[in-house]
Every structure is written in C-alpha cells, then in structure tokens.
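Please read the structure below before turning to the comments.
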Amino acid sequence: MSIEEEDVFRNLQKHLDNMPIGFPATESGIEIRVLKHLFNAEQAELATKLNFMPEPLEKIYRRVDKEKMTMKELEEKLDKMYQEGLINFGQRGETKYYLNAPLAIGIFEYQVNNLTEDFLVDFREYMEEGFQEEINSTKIPQLRTIPIGKSLTPEHSVARYEDIRNIIEEAGGPISVANCICKQGNDLLENPCKQTDLREVCFQFRTAAKLYLDKGLAREITKKEAFEIIEKAEEDGLVIQPGNAQRPSYICLCCGCCCEILQNQKRLAKPVQFFSSNYHAIVNDEICVGCGICVERCQMNALTIKRDKSVVNYDRCIGCGVCVPTCPNEALSLEKKKKVTIPPKTTGETYRKIMHKKAEIRHQQKKN
3 MSIEEEDVFR
13 NLQKHLDNMP
23 IGFPATESGI
33 EIRVLKHLFN
43 AEQAELATKL
53 NFMPEPLEKI
63 YRRVDKEKMT
73 MKELEEKLDK
83 MYQEGLINFG
93 QRGETKYYLN
103 APLAIGIFEY
113 QVNNLTEDFL
123 VDFREYMEEG
133 FQEEINSTKI
143 PQLRTIPIGK
153 SLTPEHSVAR
163 YEDIRNIIEE
173 AGGPISVANC
183 ICKQGNDLLE
193 NPCKQTDLRE
203 VCFQFRTAAK
213 LYLDKGLARE
223 ITKKEAFEII
233 EKAEEDGLVI
243 QPGNAQRPSY
253 ICLCCGCCCE
263 ILQNQKRLAK
273 PVQFFSSNYH
283 AIVNDEICVG
293 CGICVERCQM
303 NALTIKRDKS
313 VVNYDRCIGC
323 GVCVPTCPNE
333 ALSLEKKKKV
343 TIPPKTTGET
353 YRKIMHKKAE
363 IRHQQKKN
C-alpha cells in the first residue's frame, strides 16, 4: 500500500477520534489494521467528509473533489457504505442524511454477519490497547444496567425506565432482534458462550430497528416474542443493558464470558465506577448458608464465599439482580443506592453529554 493510502487511513482515524466515542491512536498502530478490515481507501477518504451529526447529500458533496465523482455517484458510494455498516443513515421524505458511525456501539455491531477471525483478533487487541480506555474516559457509559424482573419487589418503586417490560411496552415500532456479535464472535473462535444457548439477544427499537432490518441484520418481532426472549435470558443469568437513555434505542442481554464491555470492565479493580446502575445486592447473613449459587451466577465476580457466607464486593456489583431469584434461601435482595442516577431522556442526549464531557477533559489536559 502506498504512503498516500496509508495517510488516508490515518486521516480517518484522526477524524473519527473527534466523535463522542473516539478512535484513539495506539503505539502499535493496531487501529489502522482495524480500519483496513472495514474500509477500502476510497471509502476511508469519503468517511472523512462526514460528520457526527446527520447532513444532507448536497452539503457533503461540497467537500468532495468534483472531478472524482458526480453527486449521484457519491450517493451510490455512501449508500453502499451504509449497507456495509461503515456509516449511519437517515431519511426524511425524499432527503437522505449521512453521518459517521462510532466503532462501538456502531460499526463493530453492524459486522455481525461479516465476521472474520482476523478482524476479531485485531478488534479485541485494539479494545485492550486503547479503545476500552476511550469508552471509559468520560465515565458516561453508552449502556446502563437495570435489574432483572424477578429480582424486584413492589417495595422497590421501580422507575419506568428501569423496568425492562415497561421499556418494551412503550418502545414503539418496529421492534427487531439481532444475533449478539460478541457471542457470534466467540462461536467463530470455537469458544462458545458458557451462560446461554441464546444468540438473538440484541433488541433494537424504532429508527434503530428500521436500520437493522434494512441491512438484513435482524428480524422483526412482536412484543410477545421479545418478552419470551427476556424470560429465557433472565433464567440463564444474562445482564440487562439498555442504552443509557430513558427511551433507549436498543437493549443488550449480556454475559461475562462473551460481552466485550463486561469482559473488559471485569478486568478492572473497581468496574462499578464505569457502569450506570441504581442498585446493588445485599446479603441477609442470618439465612445465607454459603451454597455458592450466587457466586456462579454473578457475571462480574462481585460475590465470594467467606466463612460460609456470601459477601458482596461493592466495587464490582453492578446491580443487575441476576443473583437474587436463584438463591434457595432468599438471602439475597437488591437495595437502591442512596445516590440515584437519572439517565438522559434520549440516546442523542447521551452522546451530547459524552461529547461535552470529552471536550472538558481535553481542555483540562491542555491547561495542564
């Protein structure tokens, strides 16, 4: 590959790094390998003409070399990039809008039907070398954790945006479900999920569902089907993680052995600081017999047995409630935290908050 083409991919990396969820450079340069798995040189150059916010084709065309393509050709190329999961797209009436997509949640998940072993290996290396730190940098997560239904009682006075069944009831249509790319990736690497045989555990709603259905990445389902999947996921011990908004665009049902987020956060000493959750588990020592079922169910290694009693590590507990319903003595329950976090109303508001916080951090770094 020529020096000019190498520069195109570096320019794209720098361009994407300006997004709310950036694309940081690493010492090894693994981020360039990740981009080359996804984009060809022409697509990489075109992606630098887009922004984080949606813009109409006519505005984007002003930034393109008119000698290289017509507006119609640009439209065709951007439509192809959208179908390949490299950018995002929207339409109002006859007007098309295009915008950059973050690596995750975004481009990575759109590759669910196009995974290769080489791409997965490089992506996971990049996650460890730089991207995980980028995700954590603002401490405003893209996902939040809500309790499974069977871990809650009427006394909890659960907010509507923390009730998975209420979220789906009020989601609006369409509703779609897609295979989890993390589980599908582990299947490809011959390391299948140890927690469940479910693969369709990623829900999308409204515009996000239309996007997934348009790309052929998901299938449309009814609310009844969604509730059936959730019931099985809760029985299998999966963690419920909707987008960090009161009206989320998506919900992921995650496990600690496959999920890229849970896996990487689990390696940290105090992962709870990077999760948005309003609950934590508590143990009634008087009736706990130390059977260890809760330890096996916990996806974050937050529970241990000491002196024949279950003990919660509050630096690790994310309040998912997975441990609660299977305790034979009902010794475990969830307790609402004293400081409750109210999520942003919309996904767009979440990303604006991340963007503002990122700008604050960079400004402070320049001052220092």
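Take the sequence shown: its position 98, counted from the start at 1, is 100 in our numbering, and no numbers get skipped.
No residue lacks a Cβ here, since even glycine has one placed at the ideal position from N, Cα and C.
Integer-rounded CB distance, given that residue j should sit under 8 Å from residue i
i    : j    : result
C293 : L334 : Going by Cβ atoms, the distance from C293 to L334 rounds to 11 Å, so no, they are not a contact pair.
R201 : K185 : 5 Å
S139 : I363 : 7 Å
P58  : G92  : Not confirmed; about 10 Å, so no contact.
R221 : G174 : Not a contact, Cβ separation roughly 18 Å.
N90  : L101 : 5 Å
I232 : I166 : 6 Å
I384 : P104 : Only positions 3 to 370 of the chain appear in this structure, which leaves residue 384 out of reach.
F276 : K141 : 6 Å
Within 7 Å, strictly: CB atoms of residue i and residue j
i    : j    : result
F125 : V36  : yes
G258 : K268 : yes
S153 : V10  : no
N188 : V114 : no
N315 : A304 : yes
I183 : E237 : no
I109 : G87  : yes
N266 : Q144 : no
T349 : S251 : yes
Q195 : C260 : The sequence as given places Cys at residue 195; Gln does not occur at that position. Cβ atoms of C195 and C260: closer than 7 Å.
C329 : H282 : no
F54  : M21  : yes
I263 : E127 : no
A43  : E78  : no
D310 : V274 : no
Burial state of residue i, where buried means 16 or more other Cβ atoms lie within 10 Å
i    : result
Q366 : exposed
S278 : buried
H358 : exposed
V324 : buried
R299 : buried
L191 : exposed
T147 : buried
A210 : buried
T198 : buried
A361 : exposed
I62  : buried
R64  : exposed
I289 : exposed
Closest residue to residue i among the options (Cα-Cα distance)
i    : options                   : result
G321 : I284, E75 and F207        : I284
L219 : N315, S178 and E192       : S178
S30  : E131, E135 and A106       : E131
P176 : T198, L215, C204 and D199 : L215
T224 : P149, Q206, K340 and A361 : Q206
A228 : C204, R12 and Q197        : C204
Y99  : L76, E119 and T118        : L76
K341 : E171, N280, V66 and P26   : N280
V291 : V313, N116, F276 and R65  : V313
E60  : G151, M73 and K141        : M73
K217 : E230, N116, P149 and I289 : N116
A27  : K234, E230, E136 and K311 : E136
E119 : E171, Q85 and N193        : N193
M302 : R249, K338, I289 and G239 : G239
K339 : P149, H39, Q45 and L40    : P149
E172 : R249, N370 and D67        : R249
F41  : E69, K234 and R12         : R12
G151 : E230, Q85, A106 and I107  : E230
Q85  : K38, Q45 and E69          : Q45
Residue i: CB within 6 Å of a non-hydrogen atom of the ligand FMN
i   : result
T28 : Summarising the ligand content, the structure contains no ligands, and the ligand FMN is consequently not present.
Residue-level contact to chain B via CB, residue i, 7 Å cutoff
i   : result
K16 : In the displayed structure, chain B is absent; only one protein chain is listed.
With contact counted as at least three CB pairs below 8 Å, one residue from each stretch, are the segment 11-19 and the segment 45-58 in contact? yes
Does the structure place the segment 341-349 close enough to the segment 244-254 that three or more beta carbon pairs sit under 8 Å? The segment 341-349 and the segment 244-254 touch, with three or more beta-carbon pairs separated by less than 8 Å.
Does the pairing of the segment 353-368 with the segment 324-339 give three or more beta-carbon distances under 8 Å? no
Please determine if the segment 148-165 and the segment 116-132 are in contact, where contact requires at least 3 C-beta pairs separated by less than 8 Å. With contact defined as three or more Cβ pairs closer than 8 Å, the segment 148-165 and the segment 116-132 are not in contact.
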